[in-house]
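K.L.:
Numbers in my numbering are just positions in the sequence shown, counted from 1, shifted up by 56. Once you've had a glance at the structure underneath, I'll fire off some questions.
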Amino acid sequence: MDMTDTFAYRGGHLACEACRAEDIARAVGTPCYVYSRAAIEANARALADAFAPAKPLLCYSIKANGNLAILKLLKDLGLGFDIVSGGELDRALRVGADPAKVVFAGVGKTRAEVRQALQAGILMFNVESEPELAAIQAVAAGLGTQARVALRLNPDIDPKTHRHITTGKRETKFGIDFESARALVARMPQWPAVRLVGYHAHIGSQVTDPRPHAASLAKLIAFAGECVPPGGAIEYVNIGGGFGIDYVPGQAPPPSAFAELLLPLLAQAARPFRLLMEPGRFIVGNAGVLLTRVAYVKRNSDGRRFVILDAAMNDLLRPALYDAHHRIWPAASDSPFESDGLAPADVVGPVCESGDTFAKERPLPEVAEGDLVAIFGAGAYGFAMSSNYNARPRPCEVLVDGSHHRVVRRRESFDDLVRLETL
Ligand SMILES: *Cc1c(COP(=O)(O)O)cnc(C)c1O
57 MDMTDTFAYR
67 GGHLACEACR
77 AEDIARAVGT
87 PCYVYSRAAI
97 EANARALADA
107 FAPAKPLLCY
117 SIKANGNLAI
127 LKLLKDLGLG
137 FDIVSGGELD
147 RALRVGADPA
157 KVVFAGVGKT
167 RAEVRQALQA
177 GILMFNVESE
187 PELAAIQAVA
197 AGLGTQARVA
207 LRLNPDIDPK
217 THRHITTGKR
227 ETKFGIDFES
237 ARALVARMPQ
247 WPAVRLVGYH
257 AHIGSQVTDP
267 RPHAASLAKL
277 IAFAGECVPP
287 GGAIEYVNIG
297 GGFGIDYVPG
307 QAPPPSAFAE
317 LLLPLLAQAA
327 RPFRLLMEPG
337 RFIVGNAGVL
347 LTRVAYVKRN
357 SDGRRFVILD
367 AAMNDLLRPA
377 LYDAHHRIWP
387 AASDSPFESD
397 GLAPADVVGP
407 VCESGDTFAK
417 ERPLPEVAEG
427 DLVAIFGAGA
437 YGFAMSSNYN
447 ARPRPCEVLV
457 DGSHHRVVRR
467 RESFDDLVRL
477 ETL
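Next up, the structure:
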C-alpha cells in the first residue's frame, strides 16, 4: 500500500483516512503518533493475498509496534505473533492471541521466558544456539512437556540493507551456521524434551530486493530436505520478516514481487512445508506518522536554517540510530512533497545531542512556530524504540478508524516518569 492511500493531502490539509491531522493534534497535543487502521489491515491483507497459494501463517513481529490496540486488530484478522521476550508474550496473551500461532525468537531467551512460553503453549521456539537447546530441554523436562523448536539458521546472505539491521550474515550474532546445525540435528535424540519441527532464517530488515529472501528460502528448503532429525520430520520453514517499505515512493517492490520468487521454490520442494512469515515493518511502517509542531526556526549567520520540533530522538530514534530517512512535510500544504527550488533545512529535536536530528539539509517549505509537521513512515520501530531520555514523557498514540480517532495509549505524565523510583 502506498502511504498516500491513507495519509493524503486533501484541500491543502493532511488527513489520515477521514480525520484531519490538525484536528487530531489539537485534540490530543503533540508530539503524537497516529496510526491508520485501514492501512494496517490493508498491509496485512496484501501480504496474505500475495502468499495465499502457500497458505502461510503470518506471525506479526511485535517488536515493530506492540501497542495492544494494533495487536488486537491483527489478532482479529487471524495473524499470529513473533515474539522476542516474555514481555511481548504477555502483550500477545493480553489481546487473546492463540498461543498456537506464537513463535519465539532471540539469542538470549532466559529460562524464565522459556518456562512462561511453554506454560502458555506457544507453537515453537526459534532456537539460536546449542546451549539454548539444552536450556529448553531442561525447562521442558522439568515441566514434563516437550518443546517444539525450529533451528534458526544463518544462511550467510547479504540482504543489502543497513549493517545495523543485517542479521543473516555469518559474522552477525544471529542463528546457527549450516555445519553446526547439521551436527546438532544428528544429535537431537540427546534432547528428548525437544522436538525439532522446522528451520528458520531472518536475514535482515527493510529488504527491498526479493532475491536475498529467495536465496535464503532455497537454502532452508535444501537443508530441510537433507537434514531430518532421527525419527522426526520437518514440517515448517520460516522465512522471517524484513519485507521493505517505501520510506520514499518506489523504494520497495510489492509483496507479489517476493511471492513470485518464493512460491515456486515451495511448490518445487520435494516435500510440502508449512510456510511461516514474520512481517513487522511491512504491516505498520507506513500505517503511522509522528505529528509534531515547530517550536522555533533558527537561522545562523551562514544561512543555515534549523527547524526545531517538539518531537525528539527519544520519540523517534531511527534517524539518530541508523541514519534512517523519513519524509517530513507540513500538515498544511498546497503542494505536498514538491521540493524543487526549496531552501534546505536541518530538522532537529530539542534533546541535548547532535544526533537528535531528523533530517539534514532537507528541502522544506517555509514553516513558522506552531506549524504542524508530519514525519511519515513512523509506524514501525517508532514508539517501540522510544524512551524517556531528557526526562521527556513519551507521546500518546492514536488509532484512526474512518472519521473517528481514539487515544490507544495516553501521553505520559511527569508522575509516570517517577512512579517507580524511591528517595
Ligand atoms: C525483527 C524481526 C522480524 C521483523 O522484521 P521486520 O523487518 O520488521 O519485518 C522478524 N523476525 C525476527 C526474528 C526478527 O528479529
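Beta carbons: idealized from backbone N, C-alpha and C, even for Gly. Owing to the predicted nature of the structure, the values given are computational and were not obtained by experimental measurement.
Out of Glu-97, Leu-347, Ile-364, state which residue places its alpha-carbon closest to the alpha-carbon of Ala-388.
P.N.:
Within the sequence shown, residue 388 is the residue found at index 332, counting from 1. If we check each option's Cα against that of Ala-388, Leu-347 comes out closest.
K.L.:
Helix or strand or just coil, what does DSSP make of His-269?
P.N.:
In the sequence shown, residue 269 corresponds to position 213, counting from 1. In the structure shown, His-269 sits in a helix (DSSP, three-state: H, G or I).
K.L.:
Considering just the uninterrupted stretch of the alpha helix (DSSP H) at Pro-320, what are its terminal residues?
P.N.:
As a first step, residue 320 is located in the sequence shown; it is residue number 264 there, counting from the start. Per DSSP, Pro-320 belongs to the alpha helix (DSSP H) from 311 to 323.
K.L.:
Near Asp-302, what residues of its chain come up, given a Cβ to Cβ distance below 6 angstroms and the 5 sequence neighbours on each side ignored?
P.N.:
Counting from one through the sequence shown, the residue named residue 302 turns up at place 246. If we look at Asp-302 and ignore the five residues flanking it on each side, its Cβ neighbours are Ala-308.
K.L.:
Do you know whose CA, among Ile-277, Gly-297, Leu-317, Ala-194, lies nearest Ile-118's CA?
P.N.:
Looking up residue 118 in the sequence shown gives position 62. Here the closest residue by C-alpha is Gly-297.
K.L.:
With a cut-off of 8 angstroms, do at least 3 Cβ pairs link the segment 69 to 76 to the segment 454 to 468?
P.N.:
Counting Cβ pairs under 8 angstroms, three or more are found: they touch.
K.L.:
If you check the beta carbons only, do Lys-128 and Val-151 fall under 7 angstroms apart?
P.N.:
Position 72 of the sequence shown holds residue 128. Position 95 of the sequence shown holds residue 151. Result yes, Cβ atoms of Lys-128 and Val-151 sit closer than 7 angstroms.
K.L.:
Can you tell me the Cα-Cα spacing of Arg-337 and Ala-197, whole angstroms?
P.N.:
For the purposes of this step, residue 337 is taken as residue 281 along the sequence shown, with counting starting at 1. For the purposes of this step, residue 197 is taken as residue 141 along the sequence shown, with counting starting at 1. Distance between the alpha carbons of Arg-337 and Ala-197: 36 angstroms.
K.L.:
Tell me whether Gly-164 counts as near ligand 1, meaning its Cβ is closer than 6 angstroms to at least one heavy atom of that ligand.
P.N.:
On the sequence shown, position 108 is the one that residue 164 refers to. No, the beta carbon of Gly-164 sits no closer than 6 angstroms to any heavy atom of ligand 1.
K.L.:
Can Tyr-292 and Leu-332 be called in contact, C-beta distance under 7 angstroms?
P.N.:
What you label residue 292 is simply residue 236 of the sequence shown in a count that begins at 1. What you label residue 332 is simply residue 276 of the sequence shown in a count that begins at 1. Taking 7 angstroms as the Cβ cut-off, Tyr-292 and Leu-332 qualify as a contacting pair.
K.L.:
Helix, strand or coil for Ser-236, going by three-state DSSP, please let me know.
P.N.:
Your numbering for residue 236 matches position 180 in the sequence shown. Reduced to three states, the DSSP call for Ser-236 is helix.
K.L.:
Cα-Cα, which of Ala-257, Lys-225, Tyr-91, Val-463 is closest to Asp-214?
P.N.:
Reading the sequence shown from its first residue, position 158 is the one you call residue 214. Among Ala-257, Lys-225, Tyr-91, Val-463, the Cα nearest to that of Asp-214 is on Lys-225.
K.L.:
What are the boundary residues of the beta strand (DSSP E) that Tyr-89 is part of?
P.N.:
Start at 1 with the first residue of the sequence shown, and residue 89 comes out as number 33. Per DSSP, Tyr-89 belongs to the beta strand (DSSP E) from 88 to 92.
K.L.:
Would you report the Cα separation of Arg-466 and Ile-80, rounded to the nearest angstrom?
P.N.:
For this step, residue 466 is matched to residue 410 along the sequence shown. For this step, residue 80 is matched to residue 24 along the sequence shown. For Arg-466 and Ile-80, the distance between alpha carbons rounds to 13 angstroms.
K.L.:
May I ask you to check if the CB of His-218 is nearer than 6 angstroms to at least one heavy atom of ligand 1?
P.N.:
Your numbering for residue 218 matches position 162 in the sequence shown. False, no ligand heavy atom lies under 6 angstroms from that Cβ.
K.L.:
Gly-435 and Asn-121 - do their beta-carbons sit closer together than 7 angstroms?
P.N.:
On the sequence shown, residue 121 is found 65 positions in, with the first residue counted as 1. On the sequence shown, residue 435 is found 379 positions in, with the first residue counted as 1. In this structure, Gly-435 lies closer than 7 angstroms to Asn-121 by Cβ.
K.L.:
With a threshold of 6 angstroms (Cβ to nearest heavy atom), would Pro-335 be considered close to ligand 1?
P.N.:
Start at 1 with the first residue of the sequence shown, and residue 335 comes out as number 279. Checking the Cβ of Pro-335 against ligand 1 gives yes.
K.L.:
Pull up the DSSP beta-bridge partners for Asp-457, would you.
P.N.:
Within the sequence shown, the letter at position 401 stands for residue 457. DSSP lists His-460 as partners of Asp-457.
K.L.:
Closest by CA to Pro-406, which one among Leu-373, Met-369, Glu-422?
P.N.:
Residue 406 sits at position 350 when you count from the first residue of the sequence shown. Residue Met-369 is the option with its Cα nearest to Pro-406.
K.L.:
Could you tell me if the beta carbon of His-258 falls within a distance shorter than 6 angstroms of some heavy atom in ligand 1?
P.N.:
Sequence index remark: in the sequence shown, residue 258 carries index 202 (1-based). It does: the Cβ of His-258 is within 6 angstroms (strictly closer) of some heavy atom of ligand 1.
K.L.:
Assign Lys-111 to buried or exposed, taking buried as 16 or more other Cβ atoms, counted over all protein chains shown, within 10 Å of its Cβ.
P.N.:
To locate residue 111, count along the sequence shown from 1; it is residue 55. By the neighbour-count rule (16 or more Cβ atoms within 10 Å), Lys-111 is not buried but exposed.
K.L.:
Decide if Glu-394 is buried, meaning its Cβ has at least 16 other Cβ atoms within 10 Å, or exposed.
P.N.:
Mapped onto the sequence shown, residue 394 falls at position 338. Flag for Glu-394 reads exposed.
K.L.:
Just checking Gly-296 against ligand 1 - is the residue's beta carbon closer than 6 angstroms to any of the ligand's heavy atoms?
P.N.:
As a first step, residue 296 must be located in the sequence shown, where it is residue number 240. Yes - ligand 1 has a heavy atom lying nearer than 6 angstroms to the Cβ of Gly-296.
K.L.:
In terms of residues, what are the limits of the alpha helix (DSSP H) holding Ala-401?
P.N.:
Here residue 401 corresponds to residue number 345 of the sequence shown, with the count starting at 1. That residue, Ala-401, is in no alpha helix (DSSP H); its beta strand (DSSP E) goes 400 to 404.
K.L.:
Nearest by alpha-carbon distance to Lys-229: which of Val-250, Ile-259, Val-241 is it?
P.N.:
The sequence position of residue 229 within the sequence shown is 173, counting from 1. Here the closest residue by C-alpha is Ile-259.
K.L.:
Which of the three DSSP states, helix, strand or coil, is assigned to Thr-478?
P.N.:
As a position in the sequence shown, residue 478 is number 422, starting the count at 1. Thr-478 falls in the coil class under three-state DSSP.
K.L.:
Kindly identify the DSSP beta-bridge partner or partners of Val-345.
P.N.:
Working through the sequence shown from its first residue, we reach residue 345 at position 289. Answer is Val-90, bridged to Val-345.
K.L.:
Does DSSP classify Ala-293 as helix, strand or coil?
P.N.:
In the sequence shown, residue 293 corresponds to position 237, counting from 1. Here residue 293 is Val; the residue named in the question, Ala, does not match the sequence. In this structure, Val-293 counts as strand in the three-state DSSP scheme.
K.L.:
Below 6 angstroms, is the gap between the Cβ of Ser-272 and the nearest heavy atom of ligand 2?
P.N.:
Only ligand 1 can be found as ligands here, which leaves ligand 2 out of the picture.
K.L.:
Jot down the residue ranges of each uninterrupted alpha helix (DSSP H) in the segment 347 to 392, minimum 4 residues, whole runs only, in chain order.
P.N.:
As far as the segment 347 to 392 is concerned, its whole alpha helix (DSSP H) runs of at least 4 residues are 374 to 378.
K.L.:
Based on the DSSP secondary-structure assignment, which residues constitute the bridge partners of Asp-138?
P.N.:
As a first step, residue 138 is located in the sequence shown; it is residue number 82 there, counting from the start. Beta-bridge pairing links Asp-138 to Ser-117, Val-159.
K.L.:
Closest Cβ-Cβ distance between Val-353 and chain C: below 7 angstroms?
P.N.:
Among the protein chains of the structure shown there is no chain C, as only one such chain exists.
K.L.:
From Pro-155 to Arg-171, what distance separates their C-alpha atoms?
P.N.:
One-based indexing of the sequence shown puts residue 155 at position 99. One-based indexing of the sequence shown puts residue 171 at position 115. If I take the Cα positions, the gap works out to 14 angstroms.
K.L.:
Roughly how far, in whole angstroms, is the beta-carbon of His-256 from the beta-carbon of Leu-189, given that I think they are within contact range, below 8 angstroms?
P.N.:
By 1-based counting over the sequence shown, the position of residue 256 is 200. By 1-based counting over the sequence shown, the position of residue 189 is 133. Incorrect: roughly 14 angstroms between the Cβ atoms, too far for contact.
K.L.:
Take every Cβ of the segment 369 to 386, pair it with every Cβ of the segment 437 to 451, and state whether three or more of those distances are shorter than 8 angstroms.
P.N.:
Output reads yes: the segment 437 to 451 touches the segment 369 to 386.
K.L.:
Quick one: is the Cβ of Ser-141 within less than 6 angstroms of any heavy atom of ligand 1?
P.N.:
As a position in the sequence shown, residue 141 is number 85, starting the count at 1. Not so, every heavy atom of ligand 1 lies at least 6 angstroms from the Cβ.
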